[in-house]
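Participant:
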Amino acid sequence: MEDCIFCQIINKKISAEIVYDNDRVIAFKDVNPQAPVHILIIPKTHIPTLNDLLPEQTELVGELIQVSKELAKAECIDQNGYRVGFNCNKDAGQTVYHIHLHLLGGRAFSWPPG
Ligand code: 5GP
Ligand code: ZN
Numbered sequence: 071m072e073d074c075i076f077c078q079i080i081n082k083k084i085s086a087e088i089v090y091d092n093d094r095v096i097a098f099k100d101v102n103p104q105a106p107v108h109i110l111i112i113p114k115t116h117i118p119t120l121n122d123l124l125p126e127q128t129e130l131v132g133e134l135i136q137v138s139k140e141l142a143k144a145e146c147i148d149q150n151g152y153r154v155g156f157n158c159n160k161d162a163g164q165t166v167y168h169i170h171l172h173l174l175g176g177r178a179f180s181w182p183p184g
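The opening residue of the sequence shown carries number 71 in the working numbering; numbering runs sequentially from there.
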C-alpha cells in the first residue's frame, strides 16, 4: 500500500528504529512513546484494521504476540509486567490503518484505560 506509513517503514522508504525483523513481521520503536518501552509490532502484510483479519491470518497475529513476548524479555520488562494491545477504528484511537500491536512497559498502567 503506497500511501500507508507502516508499509513505507516495511519498504524502508521511511526510517524507523527497527528492533525485530523477519519475513512476516517487523517491530520498531513508536515515534511518540507513551511509556519508557513503546514498540509497535506489525505484519508485513497490509491489513487495515482487526475487522479485516481473515481466519487464515490467525497464525500471523499469533506470531505478533510471540514477538511481543520476546521483545518484552529483551527489554527486561517481562517480570515487572507490560501491556499489549490493538486499537481498532476511531473509538479506540486508531490513527494508522495498518494493524499494529502496541507493546508498552517500563512503568505501571492504570485499568481501565481512559
Ligand atoms: P494507533 O493510534 O493507530 O493505535 O497507533 C499508531 C502509533 O503509531 C502511534 O502511537 C504513533 O505514535 C505511531 N506512529 C505514527 N507514525 C509513525 C512513524 O512514522 N514512525 C513511528 N515509529 N511511529 C509512528
Ligand atoms: Zn500498510
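Note that beta-carbon positions come from the ideal geometry of N, C-alpha and C, so glycine has one too.
I'd like the list of long-range same chain contacts for Arg177, defined as Cβ closer than 7 Å, with 5 residues on each side in sequence excluded.
Facilitator: Counting from 1 along the sequence shown, the entry for residue 177 is found at position 107. Closer than 7 Å at the Cβ level, and outside the excluded window around Arg177, lie Ala105 and Pro106.
Participant: Over the uninterrupted alpha helix (DSSP H) stretch that includes Phe76, give me the two end residues.
Facilitator: Indexing the sequence shown from 1 puts residue 76 at position 6. Per DSSP, Phe76 belongs to the alpha helix (DSSP H) from Ile75 to Ile80.
Participant: Using 8 Å for Cβ pairs, my map puts Ser137 next to Tyr90. What's the rounded Cβ distance?
Facilitator: Locating residue 137 in the sequence shown gives position 67, where the first residue counts as 1. Locating residue 90 in the sequence shown gives position 20, where the first residue counts as 1. One point to set straight first is that residue 137 is Val, not Ser, in the sequence displayed. Between Tyr90 and Val137 the Cβ distance is about 6 Å, and since that is below 8 Å, they are a contact.
Participant: Would you kindly work out how many angstroms separate the C-alpha atoms of Ile75 and Ile88, rounded to a whole number?
Facilitator: Taking the first residue of the sequence shown as 1, we reach residue 75 at position 5. Taking the first residue of the sequence shown as 1, we reach residue 88 at position 18. Approximately 14 Å, taken between the alpha carbons.
Participant: Identify, in the order they occur along the chain, each residue of the same chain with its Cβ nearer than 7 Å to the Cβ of Leu174, setting aside the five sequence neighbours on each side.
Facilitator: The residue given as residue 174 occupies position 104 in the sequence shown. Excluding positions up to five away in sequence, the list reads Gln104, Ala105, Val107, His108, Tyr152 and Arg153.
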